[in-house]
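For what it's worth, the working numbering labels the leading residue of the sequence shown as 7, then goes sequentially.
Just so you know, even glycine gets a beta-carbon here, dropped at the ideal spot from N, CA and C.
The structure under discussion appears below in the form of structure tokens.
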Amino acid sequence: MGELMLRTHGEQIMFNVFETMKRHDEDPECHRVDIVEEVVEDVFVEETPTPPLERVIVNSIDDLEEEWEKEIEICLRQLESSRVDEEPKVEPKLKVETQEEVKSSAPELKVLPSHLKYVFLGEDDSSPAIISNSLTFLQEEKLLRVLRVNKEALGWKISDLKGISPTF
């Protein structure tokens, strides 16, 4: 009773706690036994390699935050450059056209139902397209931008595509 046994690497040491308490002034190092567990835990944490996932998450979070900030900056610049003004710009046309010019440049348009309307993709009312009448101005501007970029693809037929037979 009153004995403390410490085993490490095949060695065994017995401490008599009562004897140690009697001589604690002579040998102050024998009180270090109470911190062995803390030291072992500290060494274990230092010596045990952290799992790769944890190491990546902990060590790279700062790097990722910097990359995210750069990505956000790029996205904001792209949004800013492709921004469409929500208020329409009205520019008056000063050109006076004769009746002959109007007939030759404008295609013949049919009357549309009330939920549809014509928009023109080209200058001088050329390249008409039909869109919904219920779109907001911003939606209409975005749609027109996409249609103008892909104007060449509009009006194609299946027979225009290489490798596709319309009779199949």
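Per DSSP, Val-125 is one residue of the beta strand (DSSP E) stretching across 122-126. Residue pairing by DSSP puts Ala-135 in a beta bridge opposite Val-125. Comparing alpha-carbon positions, the option among Ala-135, Gln-84, Ser-87 and Cys-81 lying closest to Ala-159 turns out to be Ala-135.
Here the alpha carbon of Leu-127 sits roughly 11 Å from the alpha carbon of Glu-147. The three-state reading of DSSP puts Ile-78 in helix, counting H, G and I together.
For Arg-13, the closest alpha carbon among the candidates Val-42, Asp-131 and Leu-144 is that of Val-42. Going by beta carbons, Asn-139 and Leu-122 fall inside the 7 Å limit. In the structure shown, Leu-115 adopts coil according to DSSP, grouped into three states. In the three-state reduction of the DSSP assignment, Leu-12 falls in the strand class, which pools E and B. In the DSSP assignment, Gln-145 forms no beta bridge with any residue. Boundaries for Glu-158: no beta strand (DSSP E) harbours it, and the DSSP string shows neither H nor E there. The continuous stretches of beta strand (DSSP E) do not include Ile-170, and DSSP gives it neither H nor E. Taking 7 Å as the cut-off, the beta carbon of Met-11 is found closer than this to the beta carbon of Met-20.
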